[in-house]
Amino acid sequence: MTEHTPLVARQALHAYEPLTPDVVLDALASVGLPGDGRLMALSSYENRVYQVHLESPVGSAASRGDIVVVKFYRPDRWSDAQIIEEHAFAAELMAAEIPVVGALVLNGRTLNHFGGFSFSVSPSRGGRRPELDNPDVLAWIGRFLARIHTVGSAKPFQHRPALNMQTFGFESRDILLAGDYLPLDMASRWHKAFDAAMQTARAVFESVAHGASGVQHLRLHGDCHPGNILWTPEGTPGAGPHFVDLDDARSGPAVQDLWMLLSGDRAQCTYQLGALVDGYEEFREFDRRELALIEPLRTLRLVHYSAWLAQRWHDPIFPINFPWFGSSDYWKGQVDMLEEQTEAMQEAPLVA
Numbered sequence: 000m001t002e003h004t005p006l007v008a009r010q011a012l013h014a015y016e017p018l019t020p021d022v023v024l025d026a027l028a029s030v031g032l033p034g035d036g037r038l039m040a041l042s043s044y045e046n047r048v049y050q051v052h053l054e055s056p057v058g059s060a061a062s063r064g065d066i067v068v069v070k071f072y073r074p075d076r077w078s079d080a081q082i083i084e085e086h087a088f089a090a091e092l093m094a095a096e097i098p099v100v101g102a103l104v105l106n107g108r109t110l111n112h113f114g115g116f117s118f119s120v121s122p123s124r125g126g127r128r129p130e131l132d133n134p135d136v137l138a139w140i141g142r143f144l145a146r147i148h149t150v151g152s153a154k155p156f157q158h159r160p161a162l163n164m165q166t167f168g169f170e171s172r173d174i175l176l177a178g179d180y181l182p183l184d185m186a187s188r189w190h191k192a193f194d195a196a197m198q199t200a201r202a203v204f205e206s207v208a209h210g211a212s213g214v215q216h217l218r219l220h221g222d223c224h225p226g227n228i229l230w231t232p233e234g235t236p237g238a239g240p241h242f243v244d245l246d247d248a249r250s251g252p253a254v255q256d257l258w259m260l261l262s263g264d265r266a267q268c269t270y271q272l273g274a275l276v277d278g279y280e281e282f283r284e285f286d287r288r289e290l291a292l293i294e295p296l297r298t299l300r301l302v303h304y305s306a307w308l309a310q311r312w313h314d315p316i317f318p319i320n321f322p323w324f325g326s327s328d329y330w331k332g333q334v335d336m337l338e339e340q341t342e343a344m345q346e347a348p349l350v351a
């Protein structure tokens, strides 16, 4: 008689350990989209995203016919209500004929559940990164950002959080301190640099908001960097930008969706910003007071990025791709950048 070793129940090593290719295909089959076995992981650290070939076309719902993109949301990041609110925002944008790639409605809903995961399915869209040194491309993007913000200003988010000093600054600091991520030789320097940066950022936010009419906060894309804009060249169907991945949609000032498209030295950023705003103002007035918020928003993103890495460190994909996080050299670099940002926030803002 063979002696069997009893199975010992164990907790998954990380949130996505149970998400095998079979689970991905079974999840799609559960909403009536059986895959043919071909799936490819797409670049995403926060969620797990796959391009999947289906056994048969899904009809008009997915324009590529037999290829869809399925996103499995990181457990415990967003609530179902927050994800559904993101999907509803994307649906509003698409109804306004803005080229946003949103979730498909399957069995009457956009958010589905399988195997302990929440997931959505969207059409597969091709494209490349936009050429942000081309003023015509920037103006084109600016026009669509204005239209996104017009829809975004129609009503507020009820469930998704705002982008502000508390959520991106102080809450990020608390995450880093609670997890003891700062090495002893850099902790006091980082604390000092953080405090100085937040004091300067607060002064800028308060100066911009001062007066009878404060800065308007509206629903935003939230993470509008070049990687989240797919560009289709002129002369092809659907030419121009397609905005993807509203996973970080939040409330905030309009300039949040513009500044991450800027790169290079001050002269280059000024030139790029001018083209973006020129296009933007063909459809919507841009409050130039918000230009002073670019460097404070950049500072908040810098701190939030460190906290994001800390929160995800238990996921094996993060130590593999960010092996330098947590080292003294990393935190020295963060201190240097915070000090540089404190100086930048005290300079005259860019002009559009």
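When we follow numbering that gives the first Met the number 0, the leftmost residue of the sequence shown carries the number 0, and every step to the right adds one. Yeah, the Cβ is synthetic: ideal placement off N, Cα and C, and Gly gets one too.
| Asked | Found |
| --- | --- |
| Separation of ALA309 from ARG38, as counted between CA atoms | Contrary to the premise, residue 38 reads as Leu rather than Arg in this sequence. If you take the alpha carbons of LEU38 and ALA309, they lie about 30 Å apart. |
| Alpha carbon of LEU175 to alpha carbon of TRP323, nearest angstrom | 16 Å |
| Three or more C-beta pairs below 8 Å linking the segment 85-96 and the segment 180-195 | no |
| For ARG73, three-class secondary structure by DSSP | coil |
| Close beta carbons around ALA238, own chain, < 8 Å, minus the five adjacent residues each side | THR231, PRO232 |
| DSSP-derived helix/strand/coil call for VAL150 | helix |
| Pairwise C-alpha distance: SER117 and ASP246 | 13 Å |
| Delimiting residues of the beta strand (DSSP E) encompassing GLY332 | Counting along the chain, GLY332 falls outside any beta strand (DSSP E), though it belongs to the alpha helix (DSSP H) covering 327-345. |
| Same chain, Cβ closer than 7 Å to LEU32, neighbours up to 5 away in sequence not counted | LEU53, VAL57, VAL67, VAL120 |
| Of the residues PRO160, GLN81, ALA266, GLY126, the one placed nearest VAL243, counting alpha carbons only | GLY126 |
| Residue(s) in a DSSP beta bridge with VAL120 | VAL69 |
| Cutoff 8 Å; reference ARG283; Cβ partners in own chain excluding five residues on either side | ALA145, ARG146, HIS148, THR149 |
| Residue burial classification, ARG73 (beta-carbon count within 10 angstroms, cutoff 16) | buried |
| Contacting residues, own chain, Cβ-Cβ under 6 Å from ALA61 (five flanking each side not counted) | For ALA61, the predicted structure reports a pLDDT of 45, less than 50, and the residue's modelled location is therefore unreliable. A value from the coordinates is still provided. Closer than 6 Å at Cβ, skipping near neighbours: VAL67, PRO122. |
| Reference SER262; option with closest CA among ALA161, GLN271, ASP256 | GLN271 |
| Rounded distance between the beta-carbons of VAL302 and PHE113, thought under 8 Å | Not really, about 35 Å apart at Cβ, beyond 8 Å. |
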